[in-house]
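Everything below concerns the one structure shown next.
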Amino acid sequence: MYSVVISGTGLYQPPHVITNAELVEAFNVYADLQNAQNAEAIAAGAQVALTHSSVEFIEKASGIKQRYVIEKSGVLDPTRMYPRFTERPDDELSLMAEIGVDACKKALAAAGRQASDVDAILCASANMQRAYPAMAVEIQAALGAGGYGFDMNVACSSATFALEQAFNAVRSGASKCVLVVNPEITSAHLEWRDRDCHFIFGDVCTAIVIERADLAVSSDQWEILGTHLATQFSNNIRNNFGFLNRSEDSDPLARDKTFRQEGRKVFKEVVPIAAAHIEGHLANLEHKPTEVRRFWLHQANLGMNQLVIKKLVGDAAAAGSDIAPLILDTYANTASAGSIIAFHEHRADLKSGDLGVICSFGAGYSVGSVVVKKR
Ligand code: CO8
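With the sequence shown counted from 1, adding 227 to any position gets you our numbering.
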């Protein structure tokens with residue numbers, strides 16, 4: 228078995244910011260328009276009036292202050308409320324591959340690697356743009372990489388689950404250098420017209436280079452000590468969009484064809500699962516949570532991360548600070564990319580020998596942890 232390192236990360240940051248104030252203003256205009264249009268039904272008690280959203284609620288309930296999106300005008304148009312993308316011809320690079328290639332090039336540059344060094348690409352994301360050909364294979368071709376590529380989806384845990392596949396491929400000797408790429412265009416499958424969740428997500432793409440330690444040339448290397456994955460079925464986060472919709476004659480615009488969740492149940496159920504998972508993984512590696520210098524946690528909710536950290540090291544105030552940095556205030560929930568953005572932005576100050584944990588949790592339920600040590 229070979230030693231394996233993460234030797235570079237890359238981040239594609241979309242060009243547009245939507246602040247909570249802009250988001251709430253657009254939602255409230257939408258709600259007023261809907262209520263005016265349905266005034267009779269509302270007065271007759273046949274329909275419930277939509278209630279205004281609020282910036283204060285969003286910040287208090289989630290910790291999110293803004294989000295990045297690839298396209299802003301469609302999302303903020305109260306008569307539309309989702310992004311405006313132009314369909315591309317088959318011979319043009321698709322949108323998901325475009326942001327994937329951007330993040331991959333940055334990760335390769337950070338690792339001191341060429342695309343020709345790469346022998347596997349795993350495109351891991353909460354939603355794929357299409358069924359086939361695989362996004363990973365399109366990214367492989369656009370980069371000029373060798374080997375193979377495949378897509379995988381484990382919702383918010385896609386990146387950590389892909390890291391385990393990459394780790395195993397490299398340590399077994401099957402691959403020398405693997406790219407994991409997480410293009411998350413959440414804006415296209417979020418229901419921006421639902422007050423309960425319209426503030427949650429943002430677009431982004433992350434990429435990670437995983438390679439053999441004896442071949443790595445990067446000045447910033449993180450040895451992977453172990454990975455640990457778990458799933459437990461839950462309907463509390465669900466999206467029924469899929470290829471059977473047409474044959475089922477179901478409404479493609481129905482509410483269940485975009486993201487929906489029982490947020491409070493998710494919060495309560497996932498916090499103990501995530502904390503126990505990390506503690507168990509560290510124990511298997513003969514480490515205690517208090518020995519960990521940094522936790523790069525999934526970024527769904529500030530309160531959730533505070534509780535996970537409290538269970539692990541007994542200090543709730545630590546989430547958002549040095550031990551468990553927060554990026555969701557600026558990026559919002561970016562599905563599988565959240566913990567990777569935290570790792571990308573908050574590791575430069577760690578010293579050789581420092582331990583860290585990358586951990587995701589989300590739909591499925593799914594939870595994945597990757598324990599790393601700075602070389
Ligand atoms: N403005 C004002 N008031 C509001 C708003 C709003 N926007 N939204 C809700 N309220 C009201 C509610 O109506 C409710 O009022 P009342 O008490 O009168 O009934 C009150 O505020 C409280 O509502 P909630 O109980 O829903 O609020 P919470 O405190 O639970 O906060 C959160 C809601 C922020 C959603 C919180 O529950 C949370 O973050 N939970 C964890 C969610 C989570 O981690 N989910 C993981 C999903 S990510 C994932 O797995 C990937 C999926 C794939 C990606 C999909 C991309 C689109």
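For glycine and all other residues, C-beta sits at the position ideal for the given N, C-alpha and C.
Restricting attention to 582, 486, 378 and 437, the CA atom closest to the CA of residue 427 is found in 486.
The alpha carbon of residue 410 has as its nearest neighbour, out of 565, 289 and 591, the alpha carbon of 565. Scanning 505, 519, 513 and 462 for the CA closest to the CA of residue 591 turns up 462.
Checking the 8 Å criterion, the Cβ of residue 383 is within range of a heavy atom belonging to the ligand CO8.
In the structure shown, the three-state DSSP call for residue 444 is coil.
In this structure, residue 292 sits away from residue 236, with a CB-CB distance that is not shorter than 9 Å. In the DSSP assignment, residue 499 falls within the alpha helix (DSSP H) that extends over 490-511. If only complete runs of 4 or more residues are kept, the stretch 283-333 shows the alpha helix (DSSP H) at 300-303, in order along the chain.
Non-local beta-carbon contacts of residue 489 in its own chain, meaning distances under 7 Å to residues more than five positions away in sequence, involve 463 in chain order. Three or more Cβ pairs closer than 8 Å define a contact, and the stretch 378-397 falls short of that threshold against the stretch 329-336. The stretch 563-578 and the stretch 306-319 do not touch, with fewer than three beta-carbon pairs separated by less than 8 Å. Apart from sequence neighbours up to five positions away, the residues of its chain that approach residue 300 with a beta-carbon distance below 8 Å are 311, ordered along the chain. The ligand CO8 approaches residue 493 closely enough that one of its heavy atoms is under 8 Å from the residue's Cβ. Residue environment for residue 502: buried (at least 16 other C-beta atoms within 10 angstroms of its C-beta). With a threshold of 16 other beta carbon atoms within 10 Å, residue 455 meets it and is buried.
If you draw a straight line from the Cα of residue 377 to the Cα of residue 361, it is about 6 Å long. Residue nearest to residue 523 within the set 470, 479, 597 and 579 is 597 (criterion: CA-CA distance). Ranked by Cα distance from residue 317, the options 365, 284, 280 and 305 are led by 365.
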